[in-house]
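Step one of this worksheet: look at the structure below.
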Amino acid sequence: MSFFRRPLHYVFKIADRKATMDFYMKILGMRVLRHEEFEEGCKAACNGRYDGRWSKTMIGYGSEDSHFVLELTYNYGIPKYRRGNEFHGIVIQGEDIVERAKAAQYPVDEDDHGQTFLEAPGGYRFYIRCAPSEGDPVKQVIYNSSCIEQTERFWRNVLDQPVEKGENSIEVSTCLEGFTLKFQKLPSSLDRGEAFGRIAFSCPKQSIPEIESAVKAAGLGSIITPLISLDTPGKATVQVVIVGDPDGHEICFVGDEAYRELSQADPGSEQVLWKKVEEFEGWKSSGTRF
1 MSFFRRPLHY VFKIADRKAT MDFYMKILGM RVLRHEEFEE GCKAACNGRY DGRWSKTMIG
61 YGSEDSHFVL ELTYNYGIPK YRRGNEFHGI VIQGEDIVER AKAAQYPVDE DDHGQTFLEA
121 PGGYRFYIRC APSEGDPVKQ VIYNSSCIEQ TERFWRNVLD QPVEKGENSI EVSTCLEGFT
181 LKFQKLPSSL DRGEAFGRIA FSCPKQSIPE IESAVKAAGL GSIITPLISL DTPGKATVQV
241 VIVGDPDGHE ICFVGDEAYR ELSQADPGSE QVLWKKVEEF EGWKSSGTRF
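As structure tokens, this is what we get:
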């Protein structure tokens, strides 16, 4: 069952759309795949626990059919999110990223292990492997874990994913070639803050109730959003279930068939995005409240 689960995207909450988009497009070299605006909060809390107007921008290096991309959710009127320590970073492989950052005078840093990283607006780290990209440049999502043993049991035994155990860490293999999830032991207690994200996988629609049942039966992890149908105006309706691992890291499973239709790139999305950014600046200047 696990081999039919395709990693799709990771969700970030963002507070400054312009600065954020400039970073992902001009520094990381990604492109806008689609952009959607919503008048009220998502029934599956895709935008977090917020009920007001919000937008979703999918951005990446290629189609979500064959690439792991990012979902940037923007809640109108929310100026910032408190960062926790549950998310460590995303690994990207590319030979030009650091050069672009330096040319733009964007800060390039190293962690305690000598690994090069860039920090996106909002504080999210992107670790850069300075080498020619092989396939999708996005190689890994790295989480922190308060208990590696429980995290391993959840992914191996409950979600039935291949897991390789390391020293104070595990790596979860996926069906997307060259892409893994890594969980590393956190020396302190885990705090998810307000800016916590979510990873999404697609799978055959008929397997979604099986995943929900497996998590319920295991008594390890949690059901965050029971099986639900989500509508996007003018697009396919998808079925999803949101589960949490032992630390509460959110994992979305969505029906693959409908999601492939929903996730098709929209060539006009970037233009719509910048129009909305400009409109919002005008609304702020006029004192409009959200």
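Quick note: the sequence shown, position 159, residue 159 per UniProt numbering, numbers continuous. Cβ coordinates follow ideal geometry from the N, Cα and C atoms, glycine included.
Identity of the residues DSSP links to residue i by a beta bridge
i      : result
TYR127 : VAL91, PHE117
CYS203 : GLY255
GLN271 : BP columns for GLN271 are empty, so no partner.
ASP109 : PHE117
Three-state class that DSSP yields for residue i in the structure shown
i      : result
VAL277 : helix
GLU149 : helix
ARG82  : coil
MET25  : helix
PHE179 : coil
MET1   : For MET1, the predicted model reports a pLDDT of 42, less than 50, meaning its position is unreliable; a value from the coordinates is still stated below. Looking at MET1 - three-state DSSP - the assignment turns out to be coil, as it is neither helix nor strand.
GLU261 : helix
SER213 : helix
PHE38  : strand
VAL11  : strand
Pair within 9 Å by beta-carbon distance, residue i and residue j
i      : j      : result
ILE27  : ALA101 : yes
TYR10  : ARG125 : no
ASN85  : LEU186 : yes
PHE183 : ILE170 : yes
SER133 : GLY89  : no
LEU230 : ILE208 : no
ARG53  : GLU64  : no
CYS175 : ARG49  : no
Residue i versus the options, residue with shortest Cα-Cα distance
i      : options                       : result
HIS35  : THR57, LEU262, SER188, SER133 : THR57
ASP96  : ALA217, GLU279, VAL69, ILE128 : ILE128
ILE142 : GLY122, ARG156, GLY77, VAL172 : VAL172
GLY248 : GLY77, LYS205, VAL163, LEU220 : LEU220
THR116 : TYR106, VAL98, LEU262         : VAL98
Any chain D beta carbon closer than 9 Å to residue i
i      : result
ILE208 : This model lacks chain D altogether; it includes just one protein chain.
When you compare the segment 142-150 with the segment 226-244, are there three or more beta-carbon pairs, one atom per stretch, that lie closer than 8 Å? no
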